[in-house]
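Asker:
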DNA sequence: TTGAAAGCGCTAACAC
DNA sequence: GTGTTAGCGCTTTCAA
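Chains as they are written, first to last, in my numbering: chain A, 254 to 600; chain B, 254 to 600.
(1) Cβ closer than 7 Å: which chain A residues qualify as neighbours of residue 331 of chain B?
(2) Would you call residue 499 of chain B buried or exposed, if buried means 16 or more other Cβ atoms sit within 10 Å of its Cβ?
(3) Where does residue 340 of chain A fall in DSSP's three states?
(4) Do you know offhand how far residue 449 of chain B's Cα is from residue 436 of chain B's?
(5) Just the chain B side, please: which residues come within less than 7 Å of residue 428 of chain A by C-beta, in chain order?
(6) Identify each residue in the region 289–312 of chain A for which the Cβ-Cβ distance to at least one residue of chain B is less than 8 Å, and report them in chain order.
(7) For residue 527 of chain A, count neighbouring Cβ atoms within 10 angstroms of its own Cβ and tell me buried if that reaches 16, exposed if not.
(8) Assuming residue 492 of chain A is part of the alpha helix (DSSP H), what are its boundary residues?
(9) Within the continuous alpha helix (DSSP H) that includes residue 444 of chain B, where are the two ends?
(10) Please list, in chain order, the chain A residues whose beta carbon lies closer than 8 Å to that of residue 506 of chain B.
(11) With 16 other CB atoms within 10 Å as the buried threshold, where does residue 427 of chain A fall?
(12) Counting only the same chain and skipping the five closest in sequence on each side, list residues whose C-beta sits under 7 Å from that of residue 484 of chain B.
(13) According to DSSP, residue 350 of chain B sits in a beta bridge with which residue or residues?
(14) If I measure Cβ to Cβ from residue 467 of chain A and keep anything under 7 Å in the same chain, skipping five residues before and after, which residues do I get?
(15) Rounded to whole angstroms, what is the Cα-Cα separation between residue 335 of chain B and residue 359 of chain B?
(16) Using C-beta distances below 7 Å, list every residue in its chain close to residue 574 of chain A, excluding the 5 sequence neighbours before and after it, in chain order.
(17) Give me the chain A residues within the contact set of residue 425 of chain B, using Cβ-Cβ distance strictly less than 9 Å, ordered along the chain.
(18) Across the region 396–407 of chain B and the region 378–385 of chain B, are there enough close Cβ pairs to call them in contact, namely three or more that are closer than 8 Å?
(19) Of the choices A:389, A:258, A:495, A:444, whose alpha-carbon is the least far from that of residue 299 of chain A?
(20) If you draw a straight line from the alpha carbon of residue 294 of chain B to that of residue 284 of chain B, how long is it in whole angstroms?
(21) Residue 401 of chain B by DSSP, collapsed to three states: which one?
(22) Taking one C-beta from the region 347–362 of chain A and one from the region 312–320 of chain A each time, how about it: are there three or more such pairs within less than 8 Å?
(23) Less than 8 Å between the CB atoms is what I'm expecting for residue 535 of chain A and residue 552 of chain A, so what's the real figure, rounded?
(24) Can you tell me which of B:256, B:333, B:312 puts its alpha carbon nearest to the alpha carbon of residue 554 of chain B?
(25) Are the region 390–405 of chain B and the region 540–550 of chain B in contact at 8 Å, needing three or more beta carbon pairs?
(26) Could you tell me the distance, in whole angstroms, from the CA atom of residue 567 of chain B to the CA atom of residue 576 of chain B?
(27) Look up residue 411 of chain B in the DSSP assignment and say whether it is helix, strand or coil.
(28) When you check each C-beta in the region 577–591 of chain B against every C-beta of chain A, which residues fall closer than 9 Å?
(29) Quick one: give me the first and last residue of the beta strand (DSSP E) that residue 587 of chain A is part of.
(30) Can a CB atom of chain A be found closer than 8 Å to the CB of residue 349 of chain B?
(31) From the DSSP output, which residues share a beta bridge with residue 483 of chain A?
(32) For residue 493 of chain A, tell me which candidate among A:275, A:511, A:520 has the shortest Cα-Cα distance.
(33) Of all the residues that make up the region 434–446 of chain A, which are near chain B by a beta-carbon distance shorter than 8 Å?
(34) Ordered along the chain, which non-local residues of its own chain (more than five positions away) have a Cβ less than 8 Å from that of residue 589 of chain A?
(35) Residue range of the alpha helix (DSSP H) that residue 286 of chain A falls in?
(36) Is it the case that the Cβ atoms of residue 569 of chain B and residue 337 of chain B are separated by a distance below 8 Å?
Written out as structure tokens, the structure is:
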């Protein structure tokens, strides 16, 4: 019932606050007698330190640098930025400053440059979005050498040199798409898997998603879907897909492994006689538009905003209250249709 | 960059900390000259008080009572209890004590009794789960008279006398079920809407869900689903549903508006020749079992755990850091299938 | 090995 | 009106 403080414990044990503190923090220099008495008391009482008081002492202010792709170049990253901004507002009254740095997600050089700038700041932690696998591993090494905590979202980089990762299970995400396809696409038809993105970007993502997708569908007895994979550049998409759909075909489903689903939906709309179901990723405004009129059937929400926000939250609570940071946090994978997107975009 | 404190402001303005504090809290008794100087300085500097220091001062410990249906009687409520327990652990180091009280969700009397007990504790806030609409309104009135904050989950009770509500849009939730049905049930077939629960329980829920469900399907051009509603007691279900399915019929979908979906799935499994899609609510272990083998096609997650946890979080941050409590928080409505349930149950 | 004391930033009571 | 001061619970330094 009553909240016991260090002072209470000290009085009960007949020692000073200092001694109690030494016991609590195992800092030694305590006589066996005192040690035992205090330890026993702490247990009996189930002493819980007041975390607010503890962190007040720590007047140090912490500095987190966030390195993200520039949402002005690829709007997919906008939610990420929003999540970071939420965290900035949430924690600036608690002595945690968070600075955002942007790079061009098509340009490894800009990524490396930004990291150099950040390194000069010697922050307490960095949050990086590792769209460039190789370069990310390089910079993480340097941060590690400088005792800077590294967090990532989106890509776990096998968790090497990383303190915490917040993201999703990408293989499973492919399986989910496959299960949805199974429910809405008749058996024996052709399903297209389209990888659609810049050359460098996210390649690991697409591979894992494809793996999960195929893996699920291949294990269904007697379904006999015919799976075709196309890796396309945005610029080629229009012509290639038009060609495919113009010829006689039995394509009844398209799985787009990135967020550029709208550009596929746009083309499919030119073929109103074909009944093609589309499943893809992320709640971009353009995607929602096609989801609303059922041109896109399902979207899978990778929740970049929450990924970014949660990741910073974990760092902040570690700095402030010494909370343990979970090495890896896998977020649920949301299935979105024309009726429930609202709850996810308005958060 | 630098974190300014009240002391800094005081020095810069050439006044004392006390005066600065009076200005910040608009407590008057400040000369116009000092008022202006300090106000200006505060703005220029964009002063943010250190919330940790502020709340340390407040050594008062807060008391929240949570009143829920007993999960031992209806396991649906177990996640709720888990959410509450998470909050208990999270906040007990911050001087917030949370006590759980349980009632029998089939017995209004037990609900009223528990509320009497809680009232005697005169807590700072109560979180109630209003399964009994009328009785809830009564007790809320009494809490209001005693200046006890009232929070609810699950049912907003038109927000009368309530400080915050955390829940979902139930009509929309019915629409989501309808959209899913539309995708997996052929046109012109019969869809059953089954309300399955104790007499008193959740009646508003079921009505709103049915409304949304019908509302969506009736607006689809040329779909001509034949909708049939059945309000059943758990005890009657077995016989009535067997009767229905044994006769020749074109039932191809069943929408269960409560969490007892498994009991419907169990019966439908006795008719392997019929291809009946089932959509219902909540991630009970029994439901998951049927979801895994595709006997249940979709579940809609009402996320009772998160509802409870979030609601308490809001109260706690109000007490600790004076954060504003949002009047109403509508959670996203999760669509769950056999492949993504994992991310929602392991949280 | 121990206790006393100062101080983190903010608040509020009190004396002038 | 204003400044001073004590104190929230915890940590840490310093002197004993």
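The beta carbon of each residue, even a glycine, is placed where N, CA and C say it ideally should be.
All of these numbers come straight from a predicted model, not from anything done at the bench.
Answerer: If we stick to the structure as given:
(1) Those within 7 Å of residue 331 of chain B in chain A number zero; the least Cβ separation is about 19 Å.
(2) exposed
(3) helix
(4) If you draw a straight line from the Cα of residue 449 of chain B to the Cα of residue 436 of chain B, it comes to about 24 Å.
(5) 592
(6) Flagged, chain order: 301, 302, 303, 304, 305, 306, 308, 309.
(7) exposed
(8) 487–499
(9) Note, residue 444 of chain B: premise wrong, no alpha helix (DSSP H); beta strand (DSSP E) at 443–449.
(10) Those within 8 Å of residue 506 of chain B in chain A number zero; the least Cβ separation is about 13 Å.
(11) Buried, because 16 or more other Cβ atoms sit within 10 Å of the Cβ of residue 427 of chain A.
(12) 448
(13) Beta bridge pairing from DSSP links residue 350 of chain B with B:316.
(14) 480
(15) 21 Å
(16) 304, 308
(17) Listed along chain A, the residues sitting closer than 9 Å to residue 425 of chain B by beta-carbon distance are 592, 593, 595, 596.
(18) yes
(19) Between residue 299 of chain A and the set A:389, A:258, A:495, A:444, the nearest pair of CA atoms involves A:258.
(20) 15 Å
(21) DSSP places residue 401 of chain B in coil when its eight states are reduced to three.
(22) Using a C-beta cut-off of 8 Å, the region 347–362 of chain A makes contact with the region 312–320 of chain A, since at least three inter-stretch Cβ pairs fall below that distance.
(23) 6 Å
(24) B:333
(25) no
(26) For residue 567 of chain B and residue 576 of chain B, the distance between alpha carbons rounds to 8 Å.
(27) helix
(28) 583, 584, 585, 586, 587, 588, 589, 590, 591
(29) 587–589
(30) no
(31) A:447
(32) A:520
(33) 436, 437
(34) Excluding sequence neighbours, residue 589 of chain A sits near 536, 544, 551, 552, 553, 554, 597.
(35) 285–298
(36) Cβ distance not < 8 Å, so residue 569 of chain B and residue 337 of chain B don't count as in contact.
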